[in-house]
Structure formats: C-alpha cells, structure tokens
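Undergrad: Supplied in structure tokens, the structure appears directly below.
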Amino acid sequence: MKAYEFVTVDVFTDRRFGGNPLAVFPDAQGLSDADMQSLAAEFNLSETTFVLPPADPANTARVRIFNRTAEMPFAGHPNVGTGWVLAGRGRAKDGMLRFEEIAGLVKVKVEEGGGVTIAAPQPLSLGAEMPVDLLANCVGINPGEVVLTAHRPVLASVGNSFVVAEVTTEALTRAVPDIAQFRHAVTQYAPTGLGPKRLPLYLYAHAARGGDRTRLRARMFSPLSGTVEDAATGSAATPLAALLLSLTNDREGHYDIVQGVEMGRPSLLLASAHRAAEGIRAAVGGGCIPVLRGEVSL
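In my numbering, the protein residues as written are 10 to 307.
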C-alpha cells in the first residue's frame, strides 16, 4: 500500500470553518481515475483536487478536480485553494502558477497578503435560457421573484457552466432546493454542457454598491451532482461577473460576492471581468485558511 498526503483548506475566507472547504492531494501520482473519484466521494466535499506533473514543463502542474460524482473541467475554489497550497510549498514562480485542466490553462496569481486570484480559462459564452417557472420550482420561490430587468435565467460559462438568475433579496434568503423538481427540470431543460446529473443554479441579488465595486449576495444549488448547496462557487462567480459586464458599456467591472451565509459558512469572493480581444474574461480571488492534514493509504 502507498500513502498519499492530503491537506484541507477553507477557501474564500479569513477564518477557520468559514468559506468553502477543499481537500488537496499535492502529489497524486499513482492514483487511478477510480481512486480519485472514490476519494472525492469519501471526503464528501464540493470538490477534491489531485496534483500531477504537467504535460508542458513550462506549467506548474496538471490539476484534476472531482466533485462527489464526476470529474470537472474547471472550478473556482479548488483552483484558489490548490494555488494557495502549492504556493506555500514554494511552487510559485514570480508569484504565479499555471495549472493544466480540462477546460484549458488556469493562471493563478499569489498576492502579497496571502490571497490567491485565478483567471478563468475561457471567455464568456452564453447558452440556452431556462424557463422562469422551471427555475422557480427548483428552488421553491415564486416566478415573480425572478428578476428579469437585466437578463433572463441563462446558461453562462467561462470554463464551467451554470444557470445564472437574478432574484429578489427575500427570495434568495428563502430559497430551498427541491430535488424532485431538479430531476423534472433536467428532462425539460438540457442544453449542451449540462448532463442528466448536473443542473447547477446560481442565484444572486444586488446589495448596496460600495465605491467602484458592485456588491452582490449569491447562493448555488446543484443537488443532482451531490452539492445540495455550495458555500462559495468561484466558477459561478466568474461567469456572473462576465455576464454583468456584458450588459454594460464598461471596459471592466469589480464585484464583491458574499455567499454561504445561509449555511453558516460566510464567504467573500472578489470577482472581476474585463473586455479582451477574444471576449469578456473574468477572474476571482480570496483568502485561504489551513485546517487539516493527513494521509490516505491505498
């Protein structure tokens, strides 16, 4: 049997037991695909990451990300947390790391104060709109509480797809996922990029604006993939930032997104978006706190 080291960190927070917990295997060489999936299910966190040697030596690592039921092409808090862990082990070069992932190359910047910011690997792409009634039924709110002023519920991605919808503040607080309705919804709404076990809904509401930053509250529900609710979702915050910028004539936008409050794990995601030659690009960052370390023998 071989022992594999792991560490856990709380991501997008400055305090232990806040933010979104993540398990990281800093050296996953020797683990099979089935081993990685089984370990992710065993940890029972939103995601677990496995660090492997890069295909291109110019990059830092190949990073594989698994949720409880499947491998993911890209995700936010796993990249922020993995970047923080590897930077602490001296893997950053000039404050940067480069991760090879299914969705593309993820660039990770390590801030002087210890925060980590990742750039999403793809520009904003939009897919099919989700019917308002279908979305509202999934989370137990009234269709009239879905705000349509700026945009309708729409599939958005910068490397990982989410249905993004604005709702009233009261509805955001009151929302509760209904798994039966989620199962029904995937039979009615199945755009490219979402499978029968994945219908992640990212709801947000506007809060007071602070200086040049837009303040938002958000919640993410994906019960079909095992995450009934997520404490902090960087790969949803990034398409949200890009989508909001696309609705303006601005060159860039900055967004403070608070998530996880209803779960008792408050998180702060510092998201941004800017216009580039290939489209609208987005990034997200935040702090990390170490929690556990140990090993698994397989």
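For every residue, glycine included, the Cβ atom is placed at its ideal position computed from N, Cα and C. Bear in mind the structure is a predicted one, so any value in this text is a computation, not a measurement.
Does DSSP classify glutamine 131 as helix, strand or coil?
TA: Glutamine 131: coil per DSSP, three-state reduction.
Undergrad: Tell me whether the region 233-251 and the region 79-86 touch, counting them as touching only if at least three CB pairs, one residue from each stretch, are closer than 8 Å.
TA: Counting Cβ pairs under 8 Å, three or more are found: they touch.
Undergrad: Cβ of leucine 54 within 8 Å of Cβ of histidine 160?
TA: It is not a contact, given that the beta carbons lie outside the stated cut-off.
Undergrad: May I ask you to report which of helix, strand or coil DSSP gives leucine 181?
TA: In this structure, leucine 181 counts as helix in the three-state DSSP scheme.
Undergrad: Tell me which same chain residues have a C-beta within less than 8 Å of the C-beta of leucine 225, skipping the five on either side of it?
TA: Once the five neighbours on either side are set aside, the close Cβ partners of leucine 225 are Tyr213, Ala214, His215, Ala216, Leu249, Tyr264, Asp265, Ile266, Val267.
Undergrad: If I'm right that valine 163 touches valine 94 with Cβ under 8 Å, what's the distance once you round it to whole angstroms?
TA: With a Cβ gap of about 34 Å, valine 163 and valine 94 do not count as contacting.
Undergrad: Would you mind reading off the limits of the alpha helix (DSSP H) that contains alanine 246?
TA: Unbroken alpha helix (DSSP H) run through alanine 246: 243-255.
Undergrad: Using beta-carbon positions only, say whether phenylalanine 15 and alanine 70 come within less than 8 Å of one another.
TA: Their beta carbons are not under 8 Å apart, which means phenylalanine 15 does not touch alanine 70 by this criterion.
Undergrad: Does the region 19-29 touch the region 295-307, meaning 3 or more C-beta pairs lie closer than 8 Å?
TA: Contact between the region 295-307 and the region 19-29 is present, because at least three Cβ pairs lie under 8 Å.
Undergrad: Name the DSSP bridge partner or partners of alanine 282?
TA: Alanine 282 pairs with Gly262, Ala291.
Undergrad: Measuring straight from C-alpha to C-alpha, what distance separates isoleucine 74 and phenylalanine 59?
TA: The straight-line gap from Cα to Cα measures roughly 7 Å.
Undergrad: Under three-state DSSP, which class holds alanine 214?
TA: Note: alanine 214 maps to strand in three-state DSSP.
Undergrad: Is phenylalanine 52 helix, strand or coil by DSSP?
TA: The answer is helix: DSSP assigns phenylalanine 52 an H, G or I state.
Undergrad: Can you give the Cα-Cα distance for leucine 278 and glycine 294, rounded to whole angstroms?
TA: Using only the alpha carbons, I get a separation of about 6 Å.
Undergrad: If you count every other CB in all the chains shown that lies within 10 Å of the CB of alanine 43, and 16 or more means buried, which is it?
TA: The residue is exposed, with fewer than 16 neighbouring Cβ atoms inside 10 Å.
Undergrad: Given isoleucine 127, which residues of its chain have a CB within under 8 Å of its CB, disregarding the five upstream and five downstream residues?
TA: Hits under 8 Å: Gly85, Asn88, Val89, Gly92, Val115, Lys116, Val117, Lys118, Gly243, Ala292, Val293, Gly294.
Undergrad: Between the Cα of proline 308 and those of Leu31, Ser134, Met45, Val176, spot the shortest distance and give me the residue it belongs to.
TA: Because the chain in this structure spans residues 10 to 307, residue 308 falls outside the shown range and cannot be described.
Undergrad: Going by DSSP, what residue range makes up the alpha helix (DSSP H) through threonine 196?
TA: First-last of the alpha helix (DSSP H) with threonine 196: 188-197.
Undergrad: Compare the Cα-Cα distances from proline 63 to each of Glu51, Asp36, Thr196, Thr57 and report the closest residue.
TA: If we check each option's Cα against that of proline 63, Asp36 comes out closest.
Undergrad: Starting from alanine 12, trace the beta strand (DSSP E) both ways and give me its first and last residue.
TA: That run of the beta strand (DSSP E) goes 12-20.
Undergrad: If you check the beta carbons only, do leucine 233 and tyrosine 198 fall under 8 Å apart?
TA: No, the Cβ-Cβ distance between leucine 233 and tyrosine 198 is not below 8 Å.
Undergrad: Over what stretch of residues does the alpha helix (DSSP H) that includes glycine 122 continue unbroken?
TA: It is not in any alpha helix (DSSP H) - glycine 122 carries neither H nor E in the DSSP assignment.
Undergrad: With a Cβ-Cβ cutoff of 8 Å, do alanine 180 and glutamate 154 count as a contact?
TA: Yes, the pair counts as a contact, with Cβ atoms nearer than the cut-off.
Undergrad: Short check: CB of alanine 240 to CB of asparagine 29, under 8 Å?
TA: Yes, they are a contact pair.
Undergrad: Less than 8 Å between the CB atoms is what I'm expecting for isoleucine 150 and arginine 192, so what's the real figure, rounded?
TA: The pair is not a contact, with the Cβ atoms about 18 Å apart (cut-off 8 Å).
Undergrad: If I follow the unbroken beta strand (DSSP E) through alanine 165, where does it start and stop?
TA: Taken as a continuous stretch (DSSP letters only), the beta strand (DSSP E) holding alanine 165 covers 163-166.
Undergrad: Comparing alpha-carbon positions, which option in Tyr211, Asp259, Val176 lies nearest threonine 236?
TA: Nearest of Tyr211, Asp259, Val176 to threonine 236, Cα basis: Tyr211.
Undergrad: Have a look at alanine 124 and arginine 24 and give me their C-alpha separation to the nearest angstrom.
TA: The identity of residue 124 in the sequence shown is glycine, whereas the question assumes alanine. Going by the C-alpha atoms only, they are around 13 Å apart.
Undergrad: Hey, out of Asn169, Leu31, Ser306, whose CA is closest to proline 209's CA?
TA: Closest by alpha carbon: Asn169.
Undergrad: Using DSSP with H/G/I as helix, E/B as strand and the rest coil, what is threonine 158?
TA: Correct three-state label for threonine 158: coil.
Undergrad: Could you check where the alpha helix (DSSP H) with aspartate 142 kicks off and where it finishes?
TA: From DSSP, the alpha helix (DSSP H) with aspartate 142 extends over 141-148.
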